[in-house]
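Numbering (the working numbering), first residue to last: -16 to 297.
Notes follow the structure.
In C-alpha cells:
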C-alpha cells in the first residue's frame, strides 16, 4: 500500500523544526558552554562561624587589692618601726572619723545610691569589665557572621547567660529587624542611663573621701577644746591632745588612701564599660545597615585607644 506523500506545508514545518533542533545545543553542551558555576580554583563563600561570647574573667582585681594592702602596710610598718604603734590607736578618734563619715554620706544620698555603690564596690574588687581588646575583635567577628549568614544567625548568642547585658539587647534589636536609626537611639539611651547609675556609685565614695578629712578636722577641734578646758589638770591634756592629732591622721588616711582611690577605680570602670557598650552599639548599627565590616572596623577605631586599634583588614 502506497503512503500518501506529505503536503508542502508539513514538509516546510519539518524542515524548520530540523533546523531549530540542529541549532539548539544538547543540555550537556549548553552546560559546558556556560562554564562552571565558580571559576577554577574558587570556592563558594563559606558561612562564618559564630564567635565565642566574651566573658568577664571573675577574680580579685590585684591592682586594687595589692595597692590598698601595700599602702596601709607601709603606714603601719612605719608606725611599728617607731616603737609606739599603740599610741596611734584611739577609739574616740575612730568613732568621730569613721562614724561621722558614714553618717554624713548617708545624709547626702538616697538609699538606692548607697545600694548601687555597695554593688559597684564589690564588683570593682572582682574585675567586672570585659577586656576591650577581646570585645572589639568579637564585635568584628559577629558582624562578619551576620553579613555572610544573615542577622538571624546571631540569635543563639542572645540566649547565652554570660554575654554582656547591652550585647544581648543589641542582638535582640538586630534580630527583630529594627531600623538602624532606632537601634542607635535605643542603645545610646541605655548607655547614658547606665553611665549615670554607675557615676552615682562613684559619687558616693567621692563624697565620703571629702568628708573623712573634714571629720578629722572636727575631731581636732574637739580635742583642742577638751585640752584648753582642762589646762589645770595635766593628766587630761595628753588624751585630749591625742584625740586632736589622731582624728586628723585618721581622716587623711581613710580619705586619701582608701576612699579616694576606690572612687577613682569606680569612675575608671564606668569609662571602660562605656567603651565596651559603645563597641556593641556600633556593631549593632553596622549589622542593621548591612554594611561592610571594613567600615565597622574604621568606626570602632575612632573609639578605641591608639594601642588597641584594629588592623584586621590591612
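Every residue gets a Cβ at the ideal spot worked out from N, C-alpha and C, and that includes glycine.
Asked	Found
Where residue 266 sits in the DSSP three-state scheme	helix
Assumed close pair residue 267, residue 156 - CB separation to whole angstroms, cut-off 8 Å	6 Å
Between the CA atoms of residue 189 and residue 331 - distance to the nearest angstrom	Since the first and last residues shown for the chain are -16 and 297, residue 331 lies out of range.
Pairwise C-alpha distance: residue 209 and residue 223	6 Å
Close Cβ partners of residue 130 (< 6 Å) along its chain, the five nearest in sequence each way excluded	none
Buried/exposed call for residue 172, threshold 16 Cβ in 10 Å	exposed
Proximity to residue 45 [Cα-Cα], best of 217, 106, 71, 85	106
Validate contact between the region 46 to 64 and the region 197 to 215 using beta carbons, cut 8 Å, 3 pairs	no
Cβ pair count under 8 Å reaching 3, the region 244 to 263 against the region 219 to 233	no
Residues near residue 65 by beta carbon distance below 6 Å, same chain, minus five either side	none
Other residues of its chain near residue 80: CB distance less than 8 Å, five sequence neighbours each side excluded	195, 198, 199, 202, 230, 233, 234, 237
CB contact flag (residue 286, residue 112, <8 Å)	no
Start-to-end residues for the alpha helix (DSSP H) that takes in residue 220	217 to 237
Nearest-angstrom Cβ-Cβ length linking residue 280 and residue 293, presumed shorter than 8 Å	5 Å
Residues of its chain near residue 7, where Cβ-Cβ distance is below 8 Å and the 5 sequence neighbours each way are ignored	Only weak support is given to the placement of residue 7: the predicted model assigns it a pLDDT of 39, under 50, and the value that follows is read from those uncertain coordinates. Cβ within range, chain order: n/a, list empty.
Minimum C-alpha distance to residue 92 - residue among 204, 180, 283	180
Anticipated Cβ contact below 8 Å, residue 123 with residue 187, distance rounded	Not quite, the Cβ-Cβ distance comes to about 37 Å (not below 8 Å), so this is no contact.
Same chain, Cβ closer than 6 Å to residue 154, five either side skipped, listed in chain order	137, 140, 141
Distance between residue 270 and residue 76 (C-alpha atoms, nearest Å)	60 Å
Three-way DSSP call (helix, strand, coil) for residue 276 in this model	helix
DSSP state of residue 283 mapped onto helix, strand, coil	helix
Segment limits, alpha helix (DSSP H) that includes residue 112	Counting along the chain, residue 112 falls outside any alpha helix (DSSP H), and DSSP gives it neither H nor E.
Span separating the alpha-carbon of residue 242 from that of residue 90	17 Å
Range of the contiguous alpha helix (DSSP H) that encloses residue 183	163 to 212
Reduced DSSP category for residue 245 - H, G, I as helix; E, B as strand; rest coil	helix
Three-state class that DSSP yields for residue 43 in the structure shown	coil
Cβ-Cβ distance between residue 282 and residue 170 below 8 Å	no
Nearest-angstrom Cα separation, counted from residue 50 out to residue 165	44 Å
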